[in-house]
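Numbering (the numbering used here), first residue to last: 66 to 202.
In this text, a Cβ means the ideal position worked out from N, Cα and C, and glycines have one as well.
The structure appears below as structure tokens.
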């Protein structure tokens, strides 16, 4: 009896494992997708900034919250909350030419997006990798 139950359990585990393995490529293909309030989907996976650095580490990119973007003395800035070693820090960071995308599928232009990677630096501004403006910028 024990042998039969063991075989049934092992068969069930094999089916679960095959399902997970079969689904893995699809999950990797959309490793970092965000669905916007508009219903549009943004896939950040292939974003690269003008400095040639990849922006996405499967969780670092997102729409910029309301009021986290401004123009001050002619300079576009975004508010970045530090992560990792910069946790507890936050600051307004200037957007430089290297922050803009050189490669990647830009979203519909309804709002700005940025990528902040905690291992890129020790300050919030050093952690800012990429910026994609809305259509009006």
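**Asked** Relative to the alpha-carbon of residue 164, which residue among 138, 177, 148, 137 has its alpha-carbon at the smallest distance?
**Response** The residue labelled residue 164 in the question sits at position 99 within the chain shown. Of 138, 177, 148, 137, the residue nearest in Cα terms is 177.
**Request:** List in chain order: all unbroken beta strand (DSSP E) runs of 3+ residues lying wholly within the stretch 154-193.
**Result:** If we require 3 residues or more, the beta strand (DSSP E) runs fully inside the stretch 154-193 come out as 155-159, 166-168, 178-181.
**Prompt:** Under 8 Å, do residue 179 and residue 126 count as touching if we go by C-beta distance?
**Reply:** Sequence index remark: in the chain shown, residue 179 carries index 114 (1-based). Sequence index remark: in the chain shown, residue 126 carries index 61 (1-based). A contact, by the Cβ cut-off of 8 Å.
**Asked** Exposed or buried, residue 147, counting other C-beta atoms within 10 Å across all chains shown (16 or more means buried)?
**Response** Within the chain shown, numbered from 1, the residue matching residue 147 stands at position 82. Result: buried.
**Asked** Who are the near neighbours of residue 121 in its chain, counting only those whose CB is closer than 7 Å to its CB and skipping five residues on each side?
**Response** What you label residue 121 is simply residue 56 of the chain shown in a count that begins at 1. 97, 109, 110, 112, 180, listed in sequence order.
**Request:** Identify, in the order they occur along the chain, each residue of the same chain with its Cβ nearer than 7 Å to the Cβ of residue 182, setting aside the five sequence neighbours on each side.
**Result:** What you label residue 182 is simply residue 117 of the chain shown in a count that begins at 1. Excluding residues within five positions, the ones whose Cβ falls inside 7 Å are 122, 125, 192, 194.
**Message:** Nearest by alpha-carbon distance to residue 167: which of 107, 105, 118 is it?
**Reply:** If you number the chain shown from 1, residue 167 lands on position 102. If you compare the alpha carbons of 107, 105, 118 with that of residue 167, the shortest gap goes to 118.
**Prompt:** By how many angstroms is the C-alpha of residue 184 removed from the C-alpha of residue 140?
**Reply:** Taking the first residue of the chain shown as position 1, residue 140 is located at position 75. Taking the first residue of the chain shown as position 1, residue 184 is located at position 119. Answer to the nearest angstrom: the Cα atoms are 26 Å apart.
**Request:** Confirm, please, whether the CB-CB distance from residue 142 to residue 159 is below 8 Å.
**Result:** Start at 1 with the first residue of the chain shown, and residue 159 comes out as number 94. Start at 1 with the first residue of the chain shown, and residue 142 comes out as number 77. Cβ distance < 8 Å, so residue 159 and residue 142 count as in contact.
**Prompt:** DSSP state of residue 119, grouped into three classes?
**Reply:** Numbered from 1 along the chain shown, position 54 holds the residue referred to as residue 119. If DSSP states are grouped into helix, strand and coil, residue 119 belongs with the strands.
**Asked** With burial defined as no fewer than 16 other Cβ atoms inside 10 Å of the residue's Cβ, what is the status of residue 132: buried or exposed?
**Response** Translated into the one-based positions of the chain shown, residue 132 becomes position 67. The residue in question, residue 132, is exposed, as its Cβ has fewer than 16 Cβ neighbours within 10 Å.
**Request:** Using 10 angstroms around the beta-carbon of residue 151, count the other beta-carbons present and answer buried if the total reaches 16, otherwise exposed.
**Result:** On the chain shown, residue 151 is found 86 positions in, with the first residue counted as 1. By the 10 Å Cβ count, residue 151 comes out buried.
**Same chain only: Cβ atoms within 7 Å of residue 144, ignoring 5 sequence neighbours per side** = Against the chain shown, residue 144 aligns to sequence position 79. Closer than 7 Å at Cβ, skipping near neighbours: 133, 155, 157.
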